[in-house]
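Going line by line, the protein sequences match chains A and B. If you read the first sequence in numbering that gives the first Met the number 0, its first letter stands for residue 0, the second for the next number, and so on. If you read the second sequence in numbering that gives the first Met the number 0, its first letter stands for residue 0, the second for the next number, and so on. Every residue, glycine too, gets a C-beta built ideally from N, C-alpha and C. Quick notes on the structure that follows.
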Amino acid sequence: MESILVLTHADETGAILTKASLEAVTAGIDLAARLSAPLAIGILAADATTLTKSLPSAGARILSVSGQAFAQARYATDAAAAEALCRAAQATIVLAPGSSRFTRVAAGVAHRLGGFIDTHITALAGTDAVEASRWFYRQRIEAVLSRDARPWFLLLDSGAAPAFTAQPGAATAEEIAVALPEARTNVSGFRAPQQGAQTIRPDAPLLFVAGAGWTKKQPDGQVHTTEAAGLILGFLRATPASLGSSKSLVDQGSEGQSVLPFLTHLNQIGQTGATPRHAKGLSTCCHGEEPHVVGWRFIADRRAISLDPNCGWSRGKADVVYIADAFQVIPRVNALLEAAKP
Amino acid sequence: MSVQLQIVVCAGIVPDPLQTLEPITTPNGPGLKNELVLPAVLDPWAASALYEAAALAAKNPGSKLYLVSLGPKAKLQQVMMTVAQKVPFELVPVDGPIGGFPDAHSTAGALAEAIEAIPGLDKSSLLLFGGWESATRGAGVTLQLIGERLGITDQFQGVDQITVSDDGSFEVLERVEGGKHQVSTCQGAPAVLGWATGNLAEPRNNPQVGMANMRGIMPALQKAKAASLAPNGLRYVSVALPKQQRTTRVVKDLTPDQIAAELAAWIGAE
Chain A
0 MESILVLTHA
10 DETGAILTKA
20 SLEAVTAGID
30 LAARLSAPLA
40 IGILAADATT
50 LTKSLPSAGA
60 RILSVSGQAF
70 AQARYATDAA
80 AAEALCRAAQ
90 ATIVLAPGSS
100 RFTRVAAGVA
110 HRLGGFIDTH
120 ITALAGTDAV
130 EASRWFYRQR
140 IEAVLSRDAR
150 PWFLLLDSGA
160 APAFTAQPGA
170 ATAEEIAVAL
180 PEARTNVSGF
190 RAPQQGAQTI
200 RPDAPLLFVA
210 GAGWTKKQPD
220 GQVHTTEAAG
230 LILGFLRATP
240 ASLGSSKSLV
250 DQGSEGQSVL
260 PFLTHLNQIG
270 QTGATPRHAK
280 GLSTCCHGEE
290 PHVVGWRFIA
300 DRRAISLDPN
310 CGWSRGKADV
320 VYIADAFQVI
330 PRVNALLEAA
340 KP
Chain B
0 MSVQLQIVVC
10 AGIVPDPLQT
20 LEPITTPNGP
30 GLKNELVLPA
40 VLDPWAASAL
50 YEAAALAAKN
60 PGSKLYLVSL
70 GPKAKLQQVM
80 MTVAQKVPFE
90 LVPVDGPIGG
100 FPDAHSTAGA
110 LAEAIEAIPG
120 LDKSSLLLFG
130 GWESATRGAG
140 VTLQLIGERL
150 GITDQFQGVD
160 QITVSDDGSF
170 EVLERVEGGK
180 HQVSTCQGAP
190 AVLGWATGNL
200 AEPRNNPQVG
210 MANMRGIMPA
220 LQKAKAASLA
230 PNGLRYVSVA
240 LPKQQRTTRV
250 VKDLTPDQIA
260 AELAAWIGAE
């Protein structure tokens, strides 16, 4: 008989569980119900006492590891904590959010327990066996897989399940002791890109993709990078959008070409970048497979502005393609959005 | 003063991203149609790790750089003809299957064995580099599993920068949610660093470096040990290309003002 453990962790503030953790809780509840399996939920945080409010008050065993060592994400301490939670729960299937924190340690923990891991799971299904969906070759091939070996760790991508919403009621957690290894790594904090404006907003409803066309010569024979930067930042001020870019545009910086100063590799989407999840996506000045296929795999509603009416990459990938010059369209969009602000 | 590092870069080979991929069923499980004749390249994020490792080795004289790669020997030789011209390294090849469908735990086991067998490797000064995810399986677990097998408990993933001090300690920038980096300081090697993009451009081809590398690469390929990868209970229920094909509306006859109005309404709609 299967038994399920869901690993969760607090956010940067330490005051609440991350949204991805609560999504994993929902997936765990669903899976436990389907398999008629007992459910445990493990919390990793500096102080787990208040975090139990976000969890089911009945039907699940709540375990926690607490301490200042877990205020920050670090391999040695997080792996020890997750290992202790897994050993206490004796679960055959361990679900966890695919956050940077758990992505860093989950495979190591699986190895310590003699288990196996699959990551980037987008859906869980199956009737007799647990079947997990994930993508291969950077979102080009979709597979459904299963494993007989246990324990089986599954890291869930964001959006795999809705976030759990707790009913009023006090869940209590069993504190699990952890033998901490010698700490050789000290986490000193976070650093945002030096370029200043925060352009990556994972929870934004809209992804704005800037392609290399923004820095190419325009009809007057000149490049207008400064103007392009102003238009893009204006768009990001006018909308709660997140900024993605094609690899070619980001790479221009290291190749000594004219660049948009606020772009870094963190903005990059596609084969060697992120595959973000947003409800809508607007691609501008892009050409090629990267932004339209790989980077857009999980964008629901897609539009593009392109000068090329025959761009084969956007056909069949975007819902709407406007054949126009983004330098002409975006200032007008910005003006309309600014005027519509309350 | 500098530190002498032993840097091992794990890097697979992957189909050139511009190739069309079609899954098929083989006697050994899922695979790609014409997989062995598809043009291949070094895995992009692992390539970033290799270039960063080479830059780090160059800054720290006396350091040693190894490239550990698992794949069919003929395919490895083909990819190395290009990669060898980029930076100096010693190749440690493992002859095994290519692709994203074999189990990551078996891959990690084969790579860890190859690293353990490197003559004279001082694991106390080992920095294990690689891409934080591959462009094939994209699981982001192989490097972590190798680190665990080698007993390394300082691990960093999504690394964009490492700065090594004279005493061997180093600062690492790791990608975390929200477009930020987590900043950590580690007392020193051994450590595992799964690289994201890093900050270095791809080095230009240097034929002299290529010739020097190839003198070691060809004998290493001839001696490469074969590895068979156990499935570890992994079973594929289905493997397929995504079926969704959108009906694209191509709008050619609107003015910029009309397009802007349509887009503004679309952005504002729930």
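Closer than 7 Å at the beta carbon, the chain B residues around residue i
i      : result
A106/A : V140, Q143, L144
I199/A : G177, G178
G315/A : Q244, R245, T247
L205/A : I266
L335/A : A259, A260, A263
V332/A : A259, L262, A263
Where residue i meets chain A, residues with beta-carbon distance less than 7 Å
i      : result
K251/B : P308, I322
N231/B : F115, A148
P60/B  : The contacting residues do not exist; P60/B stays about 25 Å from chain A at best.
N- and C-terminal bounds of the alpha helix (DSSP H) containing residue i
i      : result
Y50/B  : 43-58
Q77/B  : 72-82
T24/B  : Looking at the DSSP string, T24/B is not in any alpha helix (DSSP H); the run it does join, the beta strand (DSSP E), is 22-25.
R331/A : 325-339
D307/A : First-last for D307/A: undefined, no H or E at that position.
G268/A : First, the residue type needs correcting, since residue 268/A is Ile and not Gly in the sequence shown. Counting along the chain, I268/A falls outside any alpha helix (DSSP H), and DSSP gives it neither H nor E.
I231/A : 224-237
R111/A : 99-111
V208/B : 206-221
As assigned by DSSP and simplified to three states, the class of residue i
i      : result
T283/A : strand
V238/B : strand
D77/A  : helix
F297/A : coil
D250/A : helix
F189/A : strand
A264/B : helix
T118/A : strand
T25/A  : helix
R248/B : strand
W213/A : helix
K52/A  : helix
E141/A : strand
A346/A : Here chain A comprises residues numbered 0 to 341, so residue 346/A is not present and cannot be evaluated.
Short CB-CB distance (under 7 Å) between residue i and chain B
i      : result
D147/A : yes
T102/A : yes
R183/A : yes
G188/A : yes
Q327/A : yes
S99/A  : yes
T118/A : yes
L343/A : Chain A is shown only over 0 to 341; residue 343/A falls outside these bounds and no answer can be derived.
E130/A : yes
T171/A : no
A191/A : yes
Chain A within 7 Å of residue i, Cβ atoms only
i      : result
V175/B : yes
L75/B  : no
Y50/B  : no
S168/B : no
R203/B : no
Q156/B : yes
L20/B  : yes
Q186/B : yes
Contacts of residue i in chain B (Cβ-Cβ under 8 Å)
i      : result
R73/A  : S183
P180/A : T152
Range covered by the beta strand (DSSP E) that runs through residue i
i      : result
D159/B : 154-163
F207/A : 205-209
S241/A : 240-244
F152/A : 151-155
Q5/B   : 5-9
A133/A : At residue 133/A the sequence reads Arg, which differs from the Ala that was named. Start and end: 130-135.
Interface residues of chain B facing residue i [CB-CB closer than 9 Å]
i      : result
D318/A : R245, T246, T247, R248
A339/A : A263, G267
Closer than 8 Å at the beta carbon, the chain A residues around residue i
i      : result
P29/B  : A142
E147/B : A106, G107, H110, R111
A195/B : H264
R234/B : L144, S145, R146, D147
Contact set between residue i and chain A, taken where Cβ atoms lie within less than 9 Å
i      : result
T135/B : F135, Y136, R137
V238/B : F135, I140, E141, A142, V143, L144
L172/B : R190
Interfacial residues, the region 24-38 of chain A to chain C, with Cβ spacing under 9 Å: Judged by its chain identifiers, the structure shown contains no chain C, and its protein chains are A and B.
Contacting positions in the region 78-102 of chain B - beta carbon closer than 8 Å to chain A: G99, F100, D102
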